[in-house]
Amino acid sequence: MSAWLEPQEGVSWGCHVTWRRRARVREGGRARYQTTRGEAKDARWLQTKGGHLLSFQDGEAMYAVRMERDRVLMVRRGEVSLTQVFAAGKSQDLVLRAYGKELPVRAETRSVQVSVGEAGGRAHVIFDLIYADDVEQSVDLVFQWVRRS
7 MSAWLEPQEG
17 VSWGCHVTWR
27 RRARVREGGR
37 ARYQTTRGEA
47 KDARWLQTKG
57 GHLLSFQDGE
67 AMYAVRMERD
77 RVLMVRRGEV
87 SLTQVFAAGK
97 SQDLVLRAYG
107 KELPVRAETR
117 SVQVSVGEAG
127 GRAHVIFDLI
137 YADDVEQSVD
147 LVFQWVRRS
């Protein structure tokens with residue numbers, strides 16, 4: 007069982023966030039791997055009713071990531087924009103806005119693990135993305151944060 011710090015409404019700290027997105031992309035019978043990473047040293051960790059919220063910006067986008075015990079909501083705004091709910095077994099039809107185009111995509115969440123303690127936490131999500139042009143991605147996404155003292 008993962009650690010879960012019960013949120014106290016309105017409590018907020020500065021924190022350091024790192025994230026990693028590892029994707030296996032299948033296209034035309036071939037597979038390739040892509041890994042991207044990001045970091046935000048001046049992020050905010052806010053506790054809200056029923057969950058924890060990270061708000062941060064890296065060199066490419068602004069993020070809001072809300073974590074509950076078994077669910078993660080991610081909002082990303084930048085050259086690539088997306089709002090996605092991650093819950094194990096959930097399928098969702100989305101519109102990915104990327105570089106002036108709108109791409110329909112189906113997202114299927116395989117697993118969600120959230121662990122939160124006094125000093126920070128980790129959200130780990132595994133999901134599949136299926137694009138209209140039959141390109142598929144299997145994605146392993148991790149957000150980690152550490153409270154600044």
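Positions in the sequence shown are counted from 1; adding 6 to them yields my numbering. The beta carbon of each residue, even a glycine, is placed where N, CA and C say it ideally should be. A quick note: this is a predicted structure, and the numbers were derived from the prediction, not measured.
*In the DSSP assignment, what are the bridge partners of Tyr69?*
Phe62 and Arg82
*Looking at the structure shown, is Trp151 part of a helix, part of a strand, or coil, going by DSSP?*
strand
_Using beta carbons (cut-off 8 angstroms, strictly below), is Arg26 in contact with chain B?_
You won't find chain B in this structure, because it holds only one protein chain.
*Inter-residue Cα distance where the pair is Arg116 and Ser18*: Rounded to the nearest angstrom, the two C-alpha atoms are 30 angstroms apart.
_Given Glu114 as reference, the closest of His130, Gly126 and Asp134 once Cα atoms are compared_ = The residue among His130, Gly126 and Asp134 with its C-alpha nearest the C-alpha of Glu114 is Asp134.
*Going by beta carbon distance, what residues of the same chain come within less than 7 angstroms of Asp64, once the five residues before and after it are set aside?*
Cβ-Cβ distances below 7 angstroms link Asp64 to Gly44, Glu45 and Ala46 in the same chain, with the five nearest sequence neighbours on each side left out; the list follows chain order.
_Beta-carbon proximity check, Leu147 vs Val131, cutoff 8 angstroms_ = yes
*Taking the alpha carbon of Ala138 as the point to measure from, which residue in Leu100, Tyr105 and Arg153 has its own alpha carbon closest?*
Leu100
*asked:* Quick check: what's the CA-CA separation for Val145 versus Met68?
replied: 20 angstroms
*Excluding the five sequence neighbours on either side, which residues of its own chain have a C-beta within less than 6 angstroms of the C-beta of Asp48, listed in chain order?*
Cβ neighbours of Asp48 beyond the five flanking positions: none.
*If you run the structure through DSSP and keep just helix, strand and coil, what is Lys47?*
Correct three-state label for Lys47: strand.
_Using 8 angstroms as the threshold, is the C-beta distance between Arg50 and Gly16 below it?_
no
*What are the boundary residues of the beta strand (DSSP E) that Lys107 is part of?*
Element bounds for Lys107: Lys107 to Gly123.
*asked:* Can you check which of these residues, Gln143, Ser87, Arg154 and Ser155, is closest to Ala37 by C-alpha distance?
replied: Nearest of Gln143, Ser87, Arg154 and Ser155 to Ala37, Cα basis: Gln143.
*Okay, do the region 86 to 98 and the region 22 to 37 touch, 3+ Cβ pairs below 8 angstroms being the bar?*
no
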